[in-house]
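*Asks:* Start counting at 1 in the sequence shown, then tack on 220, and there's your number in our numbering.
We put the beta carbon where it would ideally sit given N, CA and C, even for glycine.
Quantities reported herein were computed from a predicted structural model and do not represent experimental measurements.
Take a look at the following structure, please.
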Amino acid sequence: MKKKIAWGTSKLLEMYLDKTKINPFAYCVDNFFKSGKDYGMPIKKSESLLQEERGTFQIIIFAVSSKSLQEISHELSGMGLCYGKDFIFYSDFFYLDFLKKAETALGFKLNPEFYKFALSHTLNSKLSIHTTILGSWLFLELINSLNNVNGSLAEVGAFEGGNALCGLNFMTKLNSKKFYVFDSFEGFPELSKNDPLNFHKGDYNIEATFQDIKNSFLVFPEAIVIKGFVPETFKEISGEEKFSLVFYDCDIYQPAIDTFNFFWDKIVPGGYLLIHDYETQEGGFTGVKKATNEFFGQKNVKIFSFFENTMAIIKK
């Protein structure tokens with residue numbers, strides 16, 4: 221059996237180790253690691269891989285952002301290492317366990333081709349994506365399952381719009397629906413006491429310009445890109461508008477409460493609310509889970525969550 225090596229001291233790795241109580245990794249590679257967190261294994265620089273015998277190890281990349289995934293896979297390819305043989309992504313590592321959980325929660329079979337679509341889009345996107353690969357896959361599965369259900373789509377907290385573009389590209393062979401893309405495109409608003417102390421107003425600001433982001437959506441007439449902070453930005457939506465799928469990915473507590481308040485009654489029966497960062501570790505965006513549990517605690521709904529993509533889904 222090949223030696224397993226983790227790459228990236230991310231919250232995903234931390235969550236995997238905490239949830240499963242299993243550590244199959246000989247060590248973790250992280251070129252930017254600062255001492256402090258104990259992962260129960262040595263943390264090394266990438267040059268340590270040069271000492272490993274080829275064909276005897278496999279690297280699992282635990283970085284989340286598309287930019288990091290692209291940079292790390294490029295570095296590994298530059299070492300002569302091959303995807304699938306010498307390294308895989310966390311989404312490949314979690315694939316089977318996530319597949320079983322998601323199919324049980326949703327009640328239908330997931331399509332492996334949709335996973336490949338999400339993975340390929342993430343690895344080639346010029347706009348930064350912070351949605352997990354398995355999160356994008358779940359997003360596509362829900363879009364497909366709702367193809368014949370009336371109701372618009374919305375992504376609240378689209379960052380640079382990379383995940384929304386994944387959905388829109390996927391929808392080219394499906395029924396046309398309005399797709400609202402919401403973000404401040406200026407980073408976070410003021411954070412609350414329910415959000416992590418290590419984040420501040422303006423964090424997670426976009427690297428691309430807003431005009432560049434808007435230009436990326438020009439070929440999709442169904443896309444409606446709206447700049448502004450939650451909840452004021454929702455004034456752009458008519459009172460009669462109904463939604464089949466709403467994806468929340470603003471990371472923090474108060475916008476989650478405001479989003480649920482505005483959209484829940486607008487989601488059609490059989491539609492879904494998809495929530496990113498529901499599953500996380502201390503120091504992460506724990507306010508999202510708090511907001512979700514507070515808002516839906518007295519409602520007759522089931523919340524299904526997956527640490528493998530940090531998400532929760534709620535069916536109306």
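1) Please state whether the Cβ-Cβ distance between I353 and A338 is less than 8 Å.
2) Taking its Cβ as the centre, do 16 or more other Cβ atoms sit within 10 Å of F307, making it buried, or is it exposed?
3) Where S286 and K346 are concerned, what is the direct C-alpha to C-alpha distance, given to the nearest angstrom?
4) Please report whether the beta-carbon of F405 lies at a distance below 8 Å from any beta-carbon of chain D.
5) Measure the C-alpha to C-alpha separation of T351 and E272 and round it to an integer number of angstroms.
6) Please tell me whether F334 and E361 are closer than 8 Å, where the distance is taken between their beta carbons.
7) Taking 8 Å as the limit between beta carbons, can you name the residues of its chain near K397, skipping five residues before and five after?
8) Taking the beta carbon of E502 as the centre, do at least 16 other beta carbons fall within 10 Å, making it buried, or is it exposed?
9) Would you kindly work out how many angstroms separate the C-alpha atoms of F282 and E460, rounded to a whole number?
10) Please report how far the alpha carbon of F318 lies from the alpha carbon of D250, in whole angstroms.
11) With respect to the beta strand (DSSP E) encompassing F277, which residues constitute its N-terminal and C-terminal limits?
12) Shortest alpha-carbon distance to L326 belongs to which of L493, N389, F252, D497?
13) Can F402 and A378 be called in contact, C-beta distance under 8 Å?
14) Taking the alpha carbon of H341 as the reference point, which residue from S356, F328, L330, K329 has its own alpha carbon closest?
15) Taking Cβ to Cβ, would you say G382 is nearer than 8 Å to I349?
16) Quick check: the stretch 449–456 against the stretch 478–492, are at least 3 beta-carbon pairs closer than 8 Å?
17) Alpha carbon to alpha carbon, what distance is there between L270 and L301?
18) Can you say whether T324 is buried or exposed, counting buried as having 16 or more other CB atoms within 10 angstroms of its CB?
19) Give me the Cβ distance between I523 and T512, rounded to the nearest whole Å; I'm assuming they're in contact under 8 Å.
20) Just to confirm, are I225 and Y259 a CB contact at a threshold of 8 Å?
21) Mind checking which residues open and close the alpha helix (DSSP H) that includes A384?
22) Once DSSP output is grouped into helix, strand and coil, what is the label at G503?
23) Taking only the alpha-carbon atoms, compute the straight-line gap between I444 and L385 and give it to the nearest angstrom.
24) Report the rounded CA-to-CA distance for G228 versus P489, giving the unit in angstroms.
25) With DSSP run on the structure shown, which of helix, strand or coil describes L360?
26) Tell me whether V466 sits in a helix, a strand or coil according to DSSP, three-state version.
27) What runs of the alpha helix (DSSP H), each 4 residues or longer, lie entirely inside the stretch 273–344?
28) Give the straight-line distance between the Cα atoms of E380 and Q474, rounded to the nearest whole angstrom.
29) Let me check one thing: in DSSP terms, what residues is I349 bridge-paired to?
*Replies:* Answer, in terms of the structure:
1) yes
2) buried
3) 9 Å
4) Structure shown: chain D not included; a single protein chain is present.
5) 32 Å
6) Cβ atoms of F334 and E361: closer than 8 Å.
7) G371, S372, L373, M391, E442, S464
8) Exposed is the call here.
9) 42 Å
10) 25 Å
11) 277–281
12) L493
13) yes
14) Each of S356, F328, L330, K329 was checked against the Cα of H341, and the nearest Cα belongs to S356.
15) yes
16) yes
17) 11 Å
18) exposed
19) 7 Å
20) In this structure, Y259 does not lie closer than 8 Å to I225 by Cβ.
21) Here the alpha helix (DSSP H) through A384 covers 382–390.
22) coil
23) 12 Å
24) 40 Å
25) Helix.
26) strand
27) 286–298, 310–326, 332–344
28) 21 Å
29) None; I349 has no bridge partner.
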